[in-house]
Structures are given as C-alpha cells and as structure tokens.
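Trainee: Numbering (UniProt numbering), first residue to last: 1 to 477.
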Amino acid sequence: MPTNAHQAATSALDAVRRGEILAAVAALRDSFAAGTTRPIEARIAQLDALAAGLRAERPRLLKALEMDLGKSRTESLITELGVVAQEIAHVRKNLRGWLRPERFGPGLLLAPSSGQIRREPLGTTLIISPWNYPVNLALAPLIGAIAGGNTAILKPSEVAPATSAALTHLIRSHLDPAWVRVVEGAVEETTFLLEQRFDLIFYTGNGAVGRIVARAAAEHLTPTVLELGGKSPVFVDEGTDLAATARRIVWGKFTNAGQTCVAPDYLMATQATIDRLVPHLRQATIALYGRDPRRSRDYGRMVNQKHFDRVLALIDDDKAVLGGTTGADREARYLPPTIMTGVDWDDPVMGEEIFGPVLPLLEVSGPDEAIARINGDEKPLTAYAFSPRPEIEERFAEETSSGSLALGLTLAHLGSQTMPFGGVGESGTGAYHGRTSLQVFTHAKPVVKKPLRPDTLRLVTPPYRGAKRALLGRLLR
Ligand code: NAD
1 MPTNAHQAAT
11 SALDAVRRGE
21 ILAAVAALRD
31 SFAAGTTRPI
41 EARIAQLDAL
51 AAGLRAERPR
61 LLKALEMDLG
71 KSRTESLITE
81 LGVVAQEIAH
91 VRKNLRGWLR
101 PERFGPGLLL
111 APSSGQIRRE
121 PLGTTLIISP
131 WNYPVNLALA
141 PLIGAIAGGN
151 TAILKPSEVA
161 PATSAALTHL
171 IRSHLDPAWV
181 RVVEGAVEET
191 TFLLEQRFDL
201 IFYTGNGAVG
211 RIVARAAAEH
221 LTPTVLELGG
231 KSPVFVDEGT
241 DLAATARRIV
251 WGKFTNAGQT
261 CVAPDYLMAT
271 QATIDRLVPH
281 LRQATIALYG
291 RDPRRSRDYG
301 RMVNQKHFDR
311 VLALIDDDKA
321 VLGGTTGADR
331 EARYLPPTIM
341 TGVDWDDPVM
351 GEEIFGPVLP
361 LLEVSGPDEA
371 IARINGDEKP
381 LTAYAFSPRP
391 EIEERFAEET
401 SSGSLALGLT
411 LAHLGSQTMP
421 FGGVGESGTG
431 AYHGRTSLQV
441 FTHAKPVVKK
451 PLRPDTLRLV
461 TPPYRGAKRA
471 LLGRLLR
C-alpha cells in the first residue's frame with residue numbers, strides 16, 4: 001500500500017501546492033466573513049489601487065503581451081490596458097449610485113408595506129481567464145468582483161505565461177491580499193481550485209472547459225458566468241458602402257491575429273457582393289498592415305505553435321485570394337492575414353471557431369439564407385450585419401439570436417462600458433461590463449418591511465369564513 005506521503009507526491013498536484021491553494025481560499029473566506037470588503041470606501045480604494053497598479057506596471061504588461069502574442073504597444077493600450085482603465089473609472093464614478101437601494105412597492109395584498117432591493121456581495125469568487133486578451137479578460141471581471149464587495153481568486157491563463165507572471169506581480173504588489181489572490185497554473189491547479197467551494201465562478205474561454213467548470217460548480221450549487229466563444233457570422237448586404245465595410249471587417253478580423261472571441265469568423269454575401277468586396281478587403285488589409293504584414297509592427301502572432309498548426313490546417317491555398325500558407329512561419333508563429341473565397345459550408349474551416357487570421361467568404365442568396373444559416377447553427381457570441389436597409393437590420397435583430405448584434409461595426413462594442421457583454425446558449429451565460437458587472441457579482445436582495453399594526457395580514461390567516469372569505473374571493477378572482 002502506498003503511504004499518504006507517496007500518494008501526495010504522485011497526485012496531479014503536490015501537497016505543498018494544494019496547501020497553498022487551500023490557504024489562499026481560506027484567507028479570502030476569512031476576510032470576506034470579517035466584512036473587510038463591504039464598505040464602499042474600501043472597494044473604491046481597491047479599484048484605485050488596481051488603477052495605480054495598471055499605470056505602474058504598464059511597461060511590464062506591454063512587454064509581456066508582446067512576448068506572448070506579438071501585440072503592438074498601441075493595440076495593447078487600446079484593447080487591453082485602456083479598456084480596463086476606462087472600466088475602472090466608469091465603475092468608480094457610478095458605484096455609489098448603483099449600490100443605492102432601489103425601492104419597490106410590494107403590492108396591494110401586503111399594504112401597508114415598503115420594499116427595497118439591496119445589492120449584496122456574494123462572497124469569495126473565482127475568476128478563470130483565457131490567453132487571448134489576457135490582461136483585459138482577467139482584470140475586467142476582477143473590477144466587478146471588487147465593486148461588488150467580494151474577495152477573488154484570479155487564475156490567469158498558462159497559455160500566455162509572460163502575461164500571467166506580469167498579472168501576478170501587479171496583483172501581489174498593488175492589491176490587498178485580503179481581497180485578491182492569484183493562483184497561477186494549468187489544468188491541475190484549475191481542477192483543484194474547482195473542487196473548492198466558491199460563491200461565483202466567472203469563466204472565460206472555450207465551451208469544452210466551460211462544461212467542466214459548470215459541472216464542478218454544480219457540486220456546490222455555485223452560480224457561474226460563462227463567457228464562451230463560437231463562430232461569429234458577418235452578413236454584407238447588397239448596396240453597402242464596401243470600402244468602409246471592408247475596413248471595419250478587416251480590422252475586427254485581423255486584430256490580435258484573429259484570436260478574438262468576437263472576431264468576424266466568416267462572411268456571407270451574394271456572389272456579386274463577394275466579387276466586389278474582395279478587392280476592398282485586400283486593399284483594407286494592405287492599408288492596415290502593409291504589403292508584407294510580417295514586417296508590420298501592428299500585426300500580431302499566434303499564441304503558440306499548437307494554435308499555429310491548427311489554423312494553418314484550415315487554410316486551403318487554392319481558395320486563398322489573400323495570404324495563404326506560403327509565407328507562414330511556424331518558428332515565428334506568423335500566419336499572414338488570409339481571405340478565402342469559394343468556401344463550402346462543410347469545408348474544415350467551417351467546422352470550428354477559426355480563432356486565427358483566416359476569413360472565409362461564403363456565398364448566400366441574400367438575407368433570407370444568411371438568417372437561416374445563423375439560425376441553423378449554435379447561437380453566436382456576436383452576429384454582424386452591414387446593410388444600407390433598416391428593414392434588413394431589423395430582421396437580423398428580430399429573427400436571429402446571439403450574445404449581441406452589431407450593425408455596421410465589428411469588435412469596437414467590446415470597449416463600451418454601458419453595453420452588457422456576454423453570450424447566449426453555446427456562446428455563454430451571463431454578461432458583464434460596467435453596471436452589468438456589478439449585477440452579476442452581487443445578489444439583488446429584496447428587503448420587505450411591514451408594520452405590525454394595522455394587522456392587515458389577519459385577512460389572509462385562517463379561519464376563512466363569512467366576509468373574509470367573500471373578500472378574499474373577490475380579491476383573488
Ligand atoms: P485557455 O486555454 O487559456 O483556457 C481558459 C482557462 O481555462 C485557462 O485559465 C485554463 O487554465 C483553463 N483550463 C484549460 N483547460 C482546463 C481544464 N481541463 N480544466 C479546468 N480548467 C482548464 O483559453 P481558450 O479556452 O483557448 O480561449 C479561447 C476560447 O475562449 C475561444 O473559444 C474564445 O472564443 C473564447 N473567448 C471568449 C471570450 C468572451 O468574452 N466570451 C473572450 C475570450 C475568449
């Protein structure tokens with residue numbers, strides 16, 4: 001029989017690491033129970049500390065993003081550090097107002113009475129984040145956790161190791177360990193974390209792991225927010241300004257080398273529109289990244305060779321009208337911006353979320369077929385439509401279902417603090433950003449109050465006879 005020590009040594013995670021994780025969770029539970037995170041002033045102080053940390057650690061974070069994803073400084077400022085800084089400022093400015101109890105009238109049967117909804121903290125939360133926007137997608141949920149008065153464990157993605165280390169440094173040197181702790185690691189660490197009891201798990205990543213998270217959460221009846229992905233479609237209608245449309249699509253697709261949850265995954269249009277659109281897409285790509293995107297400082301890299309290989313295999317050079325596999329460099333994790341035409345619905349590139357710089361163009365007969373195609377697949381995270389016709393935009397709004405619908409733009413909606421962001425069905429459950437973050441990281445608790453006199457509740461207590469029964473009969477008809 002193996003000894004306990006032997007068992008511990010051979011288990012997926014060694015005893016020391018388990019002990020560290022358990023201690024981190026316990027410390028956060030204790031500080032939550034002690035009320036540390038409740039006062040609004042304390043929450044604002046932590047948000048300020050996070051903002052200050054973000055400023056102080058900017059060079060380290062930018063370097064890490066460059067190492068992990070080849071992200072340019074400006075792209076990182078726009079899509080990662082900048083949005084987080086703005087989110088902090090927005091939440092900080094509005095937090096007091098959002099936390100003010102909302103009054104409601106409990107209704108005639110309870111009269112006289114009063115009611116209010118209070119937003120109460122949930123407790124100790126777990127935030128599991130992915131590698132593609134590793135700063136943004138770790139810290140944006142954390143803002144909600146702090147604003148809601150919770151403690152939080154952050155588990156950054158091991159797939160972006162430099163950023164994981166930089167985030168750990170930021171949090172350890174700027175935030176109070178009574179509020180936030182980082183657990184770095186991969187599957188073993190996350191699996192062990194998921195065995196612990198949390199009051200909310202906020203997970204961003206792919207749906208396969210989303211299911212693992214949901215299963216583990218069910219064990220403790222822990223609520224989950226699942227920010228997942230999928231294939232986000234774009235429809236380009238006839239008569240659209242194709243030059244402007246192409247610029248917006250190309251930017252949304254090739255930012256972060258296509259490794260964006262809401263990147264336009266594939267494009268649908270009539271053949272005539274595709275024929276006219278292709279030169280504009282080509283031109284827009286050159287305008288953004290030059291004739292040799294490899295030399296552009298603004299064009300990113302695949303996160304690792306595994307993802308490089310996966311996306312490379314989706315490219316069919318015979319169908320590529322821009323980019324393709326020639327020029328791709330595995331060592332440098334460089335995949336050129338690639339556009340493919342003549343793509344069929346059962347081609348490999350349509351079999352999974354592309355999550356790389358490849359844009360397939362698919363012919364449809366018009367908006368009817370585009371809508372039917374969207375409805376025939378899983379509900380996307382964002383659906384996009386470019387149309388000069390308001391009635392077609394309205395049809396997309398009414399007849400398709402997606403986490404969000406963006407008309408005339410791609411990607412930029414993620415930077416809005418007033419727009420809830422999240423999926424539906426296969427693309428996720430729950431939403432966040434701005435006030436919505438506060439809503440998911442708190443419980444809306446109704447507090448109802450009724451004076452003991454006059455004792456109107458006698459109306460609903462037995463015995464039910466005579467006038468009382470007649471009156472109840474009338475009231476409840
Ligand atoms: P990833 O590989 O970094 O995984 C996400 C997290 O899950 C990591 O922290 C990782 O450690 C953890 N994890 C991985 N395997 C696990 C396991 N077996 N058990 C427990 N935890 C595990 O990132 P990813 O999933 O490749 O991210 C890309 C996906 O995320 C895409 O589908 C994309 O669309 C989606 N995404 C969604 C959003 C959104 O906001 N909705 C944002 C970004 C990415």
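Heads up, the beta-carbon is just placed ideally off N, CA and C, and yes, glycines get one too.
Check whether the Cβ atoms of residue 47 and residue 96 sit closer than 8 Å, and answer yes or no.
Mentor: For this step, residue 47 is matched to residue 47 along the sequence shown. For this step, residue 96 is matched to residue 96 along the sequence shown. No, the pair does not count as a contact, with Cβ atoms beyond the cut-off.
Trainee: Taking all protein chains shown into account, decide if residue 107 is buried (16 or more other Cβ within 10 angstroms of its Cβ) or exposed.
Mentor: Here residue 107 corresponds to residue number 107 of the sequence shown, with the count starting at 1. Counting Cβ neighbours within 10 Å, residue 107 comes out exposed, since fewer than 16 surround it.
Trainee: Closer than 8 Å by C-beta to residue 61: which residues in its own chain qualify, once you throw out the five before and the five after it? Chain order, please.
Mentor: Residue 61 sits at position 61 when you count from the first residue of the sequence shown. Once the five neighbours on either side are set aside, the close Cβ partners of residue 61 are 54, 76, 80, 81, 135, 163, 166, 167, 170.
Trainee: With DSSP collapsed to three states, give me the class of residue 335.
Mentor: Numbered from 1 along the sequence shown, position 335 holds the residue referred to as residue 335. Residue 335 falls in the coil class under three-state DSSP.
Trainee: Under the rule that 16 or more other beta-carbon atoms within 10 Å means buried, what is residue 198, buried or exposed?
Mentor: Along the sequence shown, one-based indexing puts residue 198 at 198. Label assigned to residue 198: buried.
Trainee: Could you check which residue in 115, 391, 43 has the C-alpha nearest to that of residue 448?
Mentor: Taking the first residue of the sequence shown as 1, we reach residue 448 at position 448. Of the candidates 115, 391, 43, the one whose C-alpha sits nearest the C-alpha of residue 448 is 115.
Trainee: Pull the bridge partners of residue 443 from the DSSP assignment, please.
Mentor: Against the sequence shown, residue 443 aligns to sequence position 443. DSSP output for residue 443 lists 120 as bridge partner(s).
Trainee: Give a yes or no on contact between the region 380-399 and the region 288-302, applying the rule of three or more CB pairs nearer than 8 Å.
Mentor: Too few Cβ pairs lie closer than 8 Å, so no.
Trainee: How far does the alpha helix (DSSP H) with residue 73 in it extend, from its first residue to its last?
Mentor: Here residue 73 is taken as the residue at index 73 of the sequence shown, counted from 1. Note, residue 73: alpha helix (DSSP H), 73-76.
Trainee: Would you list the residues sitting across from residue 225 in a DSSP beta bridge?
Mentor: Position 225 of the sequence shown, counted from the first residue, corresponds to residue 225. BP columns for residue 225 point to 202.
Trainee: Does residue 259 pass the burial test, meaning 16 or more other C-beta atoms within 10 Å, or should it be called exposed?
Mentor: As a working mapping, residue 259 is identified with position 259 in the sequence shown. Looking at its Cβ environment, which holds 16 or more other Cβ atoms inside 10 Å, residue 259 is buried.
Trainee: So, is residue 14 buried or exposed, given that buried needs 16 or more other C-beta atoms within 10 angstroms?
Mentor: Here residue 14 corresponds to residue number 14 of the sequence shown, with the count starting at 1. Its Cβ having fewer than 16 others within 10 Å, residue 14 is exposed.
Trainee: At the level of alpha carbons, what is the spacing between residue 374 and residue 270?
Mentor: Here residue 374 refers to the residue found at position 374 of the sequence shown. Here residue 270 refers to the residue found at position 270 of the sequence shown. Taking the straight line from one Cα to the other gives about 15 Å.
Trainee: What I want to know is whether the C-beta of residue 227 ends up closer than 7 Å to one or more non-hydrogen atoms of the ligand NAD.
Mentor: Here residue 227 refers to the residue found at position 227 of the sequence shown. Yes, the Cβ of residue 227 comes within 7 Å of a heavy atom of the ligand NAD.
Trainee: Just the C-alpha distance for residue 130 and residue 17, rounded to the nearest angstrom, thanks.
Mentor: Working through the sequence shown from its first residue, we reach residue 130 at position 130. Working through the sequence shown from its first residue, we reach residue 17 at position 17. Looking at the two C-alpha atoms, the distance is approximately 22 Å.
Trainee: Quick one: using the 10 Å Cβ neighbour count with 16 as the cut-off for buried, is residue 459 buried or exposed?
Mentor: Position 459 of the sequence shown, counted from the start, is the residue given in the question as residue 459. Residue 459 should be labelled exposed.
Trainee: What do you get for residue 252, buried or exposed, if any count of 16 or more other CB atoms within 10 angstroms of its CB means buried?
Mentor: Position 252 of the sequence shown holds residue 252. Classification of residue 252: buried, given that the 10 Å Cβ count is 16 or more.
Trainee: Rank 325, 442, 441 by C-alpha distance to the C-alpha of residue 334 and give the top, closest one.
Mentor: The residue labelled residue 334 in the question sits at position 334 within the sequence shown. The candidate whose alpha carbon is nearest that of residue 334 is 325.
Trainee: Going by CA-CA distance only, name the one from 400, 227, 219 that's closest to residue 209.
Mentor: As a first step, residue 209 must be located in the sequence shown, where it is residue number 209. The option with the nearest alpha carbon to residue 209 is 227.
Trainee: Please tell me whether, using a cut-off of 7 Å, the distance from the CB of residue 114 to the nearest non-hydrogen atom of the ligand NAD is below it.
Mentor: The count along the sequence shown starts at 1 and reaches residue 114 at position 114. Outside the cutoff, so no.
Trainee: Indicate whether residue 382 and residue 262 have their beta-carbon atoms separated by less than 8 Å.
Mentor: Numbered from 1 along the sequence shown, position 382 holds the residue referred to as residue 382. Numbered from 1 along the sequence shown, position 262 holds the residue referred to as residue 262. In this structure, residue 262 lies closer than 8 Å to residue 382 by Cβ.
Trainee: Pull up the CB-CB distance for residue 254 and residue 337, whole angstroms please, since I reckon it's below 8 Å.
Mentor: One-based indexing of the sequence shown puts residue 254 at position 254. One-based indexing of the sequence shown puts residue 337 at position 337. That belief holds up - the Cβ atoms of residue 254 and residue 337 are roughly 5 Å apart, short of 8 Å.
Trainee: Ignoring anything shorter than 3 residues, give me the beta strand (DSSP E) runs that lie fully in the region 43-84, in order along the chain.
Mentor: The region 43-84 contains no whole beta strand (DSSP E) run of 3 or more residues.
Trainee: Going by the CB atoms, is the gap between residue 436 and residue 249 shorter than 8 Å?
Mentor: As a working note, residue 249 is residue 249 in the sequence shown. As a working note, residue 436 is residue 436 in the sequence shown. No, the Cβ-Cβ distance between residue 249 and residue 436 is not below 8 Å.
Trainee: If you compare alpha carbons, which of 143, 126, 110, 311 is closest to residue 495?
Mentor: Only positions 1 to 477 of the chain appear in this structure, which leaves residue 495 out of reach.
Trainee: Go to residue 392, then tell me how far its beta strand (DSSP E) extends in each direction, as first and last residue.
Mentor: Here residue 392 is taken as the residue at index 392 of the sequence shown, counted from 1. First-last for residue 392: 390-399, but that is the alpha helix (DSSP H), not the beta strand (DSSP E).
Trainee: Against chain C, with Cβ distances strictly below 8 Å, would residue 325 count as a contact?
Mentor: Absence of chain C from the displayed structure is noted, only one protein chain being present.
Trainee: Hey, would you say the C-beta of residue 175 is under 7 Å away from at least one heavy atom of the ligand NAD?
Mentor: To locate residue 175, count along the sequence shown from 1; it is residue 175. No, the Cβ of residue 175 stays beyond 7 Å of every heavy atom of the ligand NAD.
Trainee: May I ask you to report which of helix, strand or coil DSSP gives residue 296?
Mentor: Working through the sequence shown from its first residue, we reach residue 296 at position 296. Three-state DSSP puts residue 296 in coil, outside helix and strand.
Trainee: Going by C-alpha distance, which of 395, 124, 128, 160 is nearest residue 152?
Mentor: Locating residue 152 in the sequence shown gives position 152, counting from the first residue. Cα-wise, what sits closest to residue 152 is 124.
Trainee: Pull the bridge partners of residue 269 from the DSSP assignment, please.
Mentor: Position 269 of the sequence shown holds residue 269. DSSP lists 363 as partners of residue 269.
Trainee: Determine the burial state of residue 6: buried for a count of at least 16 other Cβ atoms within 10 Å of its Cβ, exposed for fewer.
Mentor: Taking the first residue of the sequence shown as 1, we reach residue 6 at position 6. Any reading at residue 6 needs caution, since the residue's pLDDT is 43, under 50, leaving its predicted position unreliable; the model's value is listed next. Answer is exposed; the Cβ neighbour count stays below 16.
Trainee: By alpha-carbon positions, which one of 290, 424, 317, 235 ends up nearest to residue 273?
Mentor: Taking the sequence shown and counting its residues from 1, the one referred to as residue 273 is at position 273. Out of 290, 424, 317, 235, 235 has the C-alpha closest to the C-alpha of residue 273.
Trainee: Which partner residues of residue 432 appear in the DSSP bridge assignment?
Mentor: Stepping through the sequence shown from its first residue, residue 432 is reached at position 432. Residue 432 is bridged to 421.
Trainee: Give a single yes or no on whether residue 158 has its beta carbon closer than 7 Å to a heavy atom of the ligand NAD.
Mentor: Working through the sequence shown from its first residue, we reach residue 158 at position 158. For the ligand NAD, at least one heavy atom lies less than 7 Å from the Cβ of residue 158.
Trainee: Quick check on DSSP: helix, strand or coil for residue 133?
Mentor: Reading the sequence shown from its first residue, position 133 is the one you call residue 133. Looking at residue 133 - three-state DSSP - the assignment turns out to be coil, as it is neither helix nor strand.
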